[in-house]
Amino acid sequence: MSVSEENVEQEPAAHQVSAFLERRREQIAQRWADAALFRTVFTVSRDEAVEAGRAVTAALAAVAATGRLDDLRAPGFEAVRDQLGRMAASRARTGIDSDGVAGEVAALREPVTELLRAEFPEPYAPEAQEAVLALTVLMGTLRLVVMETTVSAGEELIARQREQLHEVATPVIKLWESTVAVPLIGTLDSARSQVVMESLLDAIVAERARYAILDITGVPTVDSLVAQHLMKTVAAARLMGAECIVSGIRPAIAQTIVHLGIDLGTVLTRSSLEDALAYALSEQGVEIAPLRAAGAAADAGTR
Numbered sequence: 012m013s014v015s016e017e018n019v020e021q022e023p024a025a026h027q028v029s030a031f032l033e034r035r036r037e038q039i040a041q042r043w044a045d046a047a048l049f050r051t052v053f054t055v056s057r058d059e060a061v062e063a064g065r066a067v068t069a070a071l072a073a074v075a076a077t078g079r080l081d082d083l084r085a086p087g088f089e090a091v092r093d094q095l096g097r098m099a100a101s102r103a104r105t106g107i108d109s110d111g112v113a114g115e116v117a118a119l120r121e122p123v124t125e126l127l128r129a130e131f132p133e134p135y136a137p138e139a140q141e142a143v144l145a146l147t148v149l150m151g152t153l154r155l156v157v158m159e160t161t162v163s164a165g166e167e168l169i170a171r172q173r174e175q176l177h178e179v180a181t182p183v184i185k186l187w188e189s190t191v192a193v194p195l196i197g198t199l200d201s202a203r204s205q206v207v208m209e210s211l212l213d214a215i216v217a218e219r220a221r222y223a224i225l226d227i228t229g230v231p232t233v234d235s236l237v238a239q240h241l242m243k244t245v246a247a248a249r250l251m252g253a254e255c256i257v258s259g260i261r262p263a264i265a266q267t268i269v270h271l272g273i274d275l276g277t278v279l280t281r282s283s284l285e286d287a288l289a290y291a292l293s294e295q296g297v298e299i300a301p302l303r304a305a306g307a308a309a310d311a312g313t314r
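In this text, residue positions in the sequence shown follow my numbering: the first is 12, and each later residue adds one.
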């Protein structure tokens, strides 16, 4: 169905584009289903790609109807923002960088432009050019929406991965009945310290632990901030009814703590995890005999 020059002159270009998108939604969706962005995401069923194309086309029509062709916050985009983000994220997982995704979104404009020009008796008349320009602006905004959503999704993914890494890097180990330990390795910043505290307190409750060992053998340096985090964790463990022991304080770290004037007088410390565990066991009335001594005692008993 062609649009007469009289109608084009009466309608703003944006509204003309909106009407065109509504009218040609199915054809556009069918063409987009074969485009790289849709074809490589919806690999199971082409119908899914077509349905996604219909949704995006409807969103673009809604945006064009408002005349806000260059507005990333136009309400029409909200309906497909999550879908576009998932599509872009899916492409990124296959190894396509942001420039590649942007190029695939830009490639969606050509088949739509061809359909739009076919609407006019003279495809390159001024009226047609105005409509094509409006469509170009709209598709450019779509590309920006996709990239913005992709960056946001990427930041969220990085945040989740960082949180998971913190959790993996701070395991809580049950060493004995009523005794748990957290072997810390690497830098202890504010975010990780919070994870350490939460994980330790959860373990104290779950294991009904009376003793909690924080082993800092793998922590390269201890400054005032790290010491403050340790003090808070010790205090929180005490509030949960567990005695907290800090182990793994090497000579260099001990000198640093003294040099900084950090007071750990209220914190029970041991030089190694072995010493800390031995203390916790002795407080519970558990005696550990050296293997050789235990073997000798057993031999004596058999004579």
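From the three backbone atoms N, C-alpha and C, an ideal C-beta is built for every residue, glycine too.
A direct Cα-to-Cα measurement between R79 and A85 gives close to 7 Å. Around the beta-carbon of E37, fewer than 16 other beta-carbon atoms lie within 10 Å, marking it exposed. A straight line joining the alpha-carbon of D93 with that of L275 spans about 50 Å.
By the neighbour-count criterion, in which 16 or more other beta carbons inside 10 Å mark a residue as buried, V55 falls on the exposed side. Here the C-alpha atom of V191 lies approximately 9 Å from the C-alpha atom of L288. Contact annotation, V52 with V67: C-beta distance approximately 12 Å; criterion of less than 8 Å not satisfied. The beta carbons of T244 and V207 sit about 6 Å from each other, so the pair counts as a contact at 8 Å.
Look at L275 here: in three-state DSSP terms it is coil, with no helix or strand label. At the C-beta level, A117 and R154 come within 8 Å of one another. Excluding residues up to 5 positions away in sequence, L83 lie with their Cβ nearer than 8 Å to the Cβ of E159 in the same chain. I227 sits buried, since 16 or more C-beta atoms from the chains shown fall within 10 Å of its C-beta. In the same chain as V157, and ignoring 5 residues on each side of it, the C-beta atoms closer than 6 Å to its own belong to L95, A99 and V116, in chain order. The shortest C-alpha to C-alpha distance from L292 to any of I260, A220 and D81 is the one to A220.
For V257 against V230, the beta-carbon gap comes to about 10 Å, at or over 8 Å, which does not count as contact. Excluding sequence positions up to five before and after A44, its CB lies within less than 6 Å of the CB of R57, A60, V61 and G64, all in the same chain and listed in chain order.
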